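Here is the structure we will look at, set down as structure tokens.
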Amino acid sequence: MWRRGADADGYVANFVETEQIVQMNGYTSSFVQVRGSMPFMWEQIVDLTYKPKFEIVQPEEATRIAERHFLDLRKKYGSVLAVDLVNKHGGEGRLSEKFASVMQHITGDEIRYLHFDFHQICGHIHFERLSILYEQIEGFLEQNGYFLLNEKGDKMKEQLGVVRTNCIDCLDRTNVTQSMIGRKMLELQLRRIGVFGAEETISSHPNFDERYKILWANHGDDVSIQYSGTPALKGDFVSVPSV
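What follows is the structure, given as structure tokens:
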């Protein structure tokens, strides 16, 4: 059933945990990301218009609901960086403004919020400009890391926090962004276990690069089909140069 926003207990309509796992040279490593609808009560009633209006429901409850949501994330994942990809203007802009306002009451050392207007900065084809976003979140990613077991099964690293990404439906923009973050973290993991050299990247291996893009395009399709019944609109990211 198609849904938006969150319920009164802070559970969001569309929430997906994605774990990217690599096993090489006897090592096992994983990196977890999450995506989720903006965590307050809002709706978009389907009608005959191309883009039905967004409505914020019970706005006075928004902060309490978001606090419940992020408390749950903190318990499960540790530190949280919320990356909001929606537009600054129009109906999306009103939702983003509410989200930013709510987060002012929640953010602190362990919960952070960042707005990145995906469409304004990247448009529909310039996904390489996600490097601008990466520069802003790189410190959080390096600080909170990833999970790593050595060949003996000893835990060498533990992931201490999670990036929580959203757009309006947490599908196309979110998937492109998460694939970029996953790529950067996978490169760090492969360097750590001795597969990649210090300056080596996934894009320097064309076959690997293509398979990685297809993997994330398929993942985006699976999530989109489950939520909306149709494949992701930005699945052609597989043919776009790497970020």
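Residue numbers for the sequence shown follow UniProt numbering, so the first one is 1 and each next one is one higher. Note that the Cβ used here is the ideal one computed from N, Cα and C, for glycine as well. Bear in mind that the values here come from a model prediction, so they are computed numbers and not experimental data.
Nearest-angstrom Cα distance between VAL176 and GLY36?
15 Å
Which one or two residues does DSSP pair with GLU17 in a beta bridge?
VAL34
In this structure, does DSSP put ARG4 in helix, strand or coil?
coil
Mind checking ARG183: buried by the 16 CB within 10 Å criterion, or exposed?
buried
Going by beta-carbon coordinates alone, are ASN14 and ASP169 separated by less than 8 Å?
yes
Contact between the stretch 71-89 and the stretch 149-166 is defined here as three or more beta-carbon pairs at a separation below 8 Å; is this criterion met?
yes
Tell me the DSSP secondary structure of THR165 in three-state form.
strand
Could you give the C-beta distance for SER30 and TYR212, rounded to a whole number, given that I count them as a contact under 8 Å?
Incorrect: roughly 16 Å between the Cβ atoms, too far for contact.
List the endpoints of the continuous beta strand (DSSP E) containing ALA82.
79-84
Do you know how far the Cα of PHE208 is from the Cα of ILE202?
6 Å
Under a three-way DSSP split, which group does HIS115 fall into?
strand
Tell me, which residues are paired with LYS155 by DSSP?
LEU149
Among PRO52, HIS219, GLN33 and PRO59, which residue has its Cα nearest to the Cα of ALA6?
PRO59
If you count every other CB in all the chains shown that lies within 10 Å of the CB of VAL86, and 16 or more means buried, which is it?
buried
Applying the criterion that 16 or more other CB atoms from any shown protein chain within 10 Å of the CB defines a buried residue, is GLY229 buried or exposed?
exposed
For GLN104, does the three-state DSSP call read helix, strand or coil?
coil
Which residues in the same chain have their Cβ closer than 6 Å to the Cβ of THR107, if we skip the five residues on either side of it in sequence?
TYR113
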